[in-house]
Amino acid sequence: MIGMVVVSHSRPLAEAAVALATTTVTAGRRPAIAVAAGVTTEGAGAGDGVAYGTDALAVAEAIAAADSPDGVLVLMDIGSSVLSAQLAVEFLDEDAAARVLLCSAPLVEGLIAAVVTAAGGASLDVVAAQARAGLRAKQELLGDTALDGGTALDAVPLDTAASAPPAALNITLISPVGWHLRPAARLVALVQAYDAEVTIADLARDGEPVDAASLTDLLLLDAVRGDTLRVAATGPQAGEVVDAIGRLAATGFGDLESSPAPRPLDDGADGRVDHGG
């Protein structure tokens, strides 16, 4: 699993971003995340001894702490954070520096997407692509297409070549608060455990299918309680993953301690999982 470093002018900001991002995965699946934020001061009235700023040496030490054979993703906030991170890489030996990727993703949204994606064992490049797409959901919701940097599906294309019959299921969203970050993260974690390509669409809103392995894409659903979601999968474990998603949906995607089974609405059929045909 890759490691991560958060570089920020503000230590409270960096620590809060890490705390938020790590709520999306279980403790045993969290990537190593080191923080390099703020600068140490003495007698400057900073209270806790840390003022706003960045320190390249501290960033280099954080990279070393989070180092992994799979690579290290570095996320930064603004201005000198980028310069400090670039200088920090120069402090590293050649092998360590080659494993570092400085990522232009937005700090908070990018970190959340990166943590969820990395928890499933994705490569450094795939995690970075998902992090960079972190603003897409916000841009879509606000109609801000001028800054659209491409979709996660563009960055990580789905392999449509299936070695097993496709599977599909319609489920009803029963979570009281509808679709939000944590259910989306739970779905990503589940999908990553199977050898299958999975999409999900909100039929109630005529939504296009999105990649169920992409947190950024899933957050575009904007589904509410009662909406019908169409899950479709291809690949060797297509049937298994759709069955598992049906069971997760019966818990409100983890939002409910207990709930009745979802009522499938599979094209008027009897609700069984569609394994092709």
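3 is the number of the first residue of the sequence shown in this note's numbering; add one for each residue after it.
Glycine is no exception: its CB is placed at the ideal position from the N, C-alpha and C atoms.
Burial check for A225: the Cβ neighbour count within 10 Å reaches 16 or more, so the residue is buried. Close CB contacts of A62 within its chain, under the 7 Å cut and outside five residues either way in sequence, are with A90, F93 and L94 (chain order). Within the same chain, and ignoring the five residues on either side of P33 in sequence, the residues whose Cβ sits closer than 7 Å to its Cβ are M3, I4, G5, M6, V117, A120 and A121.
V102 and V37 have their C-alpha atoms roughly 15 Å apart. Secondary structure of E210 (DSSP, three-state): coil. Contact between the segment 252 to 259 and the segment 196 to 209 is absent: fewer than 3 CB-CB pairs across the two stretches fall below 8 Å. Between L171 and V233, the gap from beta carbon to beta carbon is short of 8 Å.
Contact between L217 and A195 does not hold, since the beta-carbon distance rounds to 15 Å and is not under 8 Å. For a cut-off of 8 Å, the C-beta gap from G55 to H11 is around 6 Å, short enough to register as a contact. C-alpha of A16 to C-alpha of V8: approximately 6 Å in a straight line.
For D257, there is no enclosing alpha helix (DSSP H), as DSSP marks it with neither H nor E.
At the C-beta level, T230 and L205 come within 8 Å of one another. Sorting A68, A87, L77 and S70 by C-alpha distance to the C-alpha of D57 places A87 at the top. Ranking A124, A39, T174 and L113 by CA distance to the CA of G136 puts L113 first.
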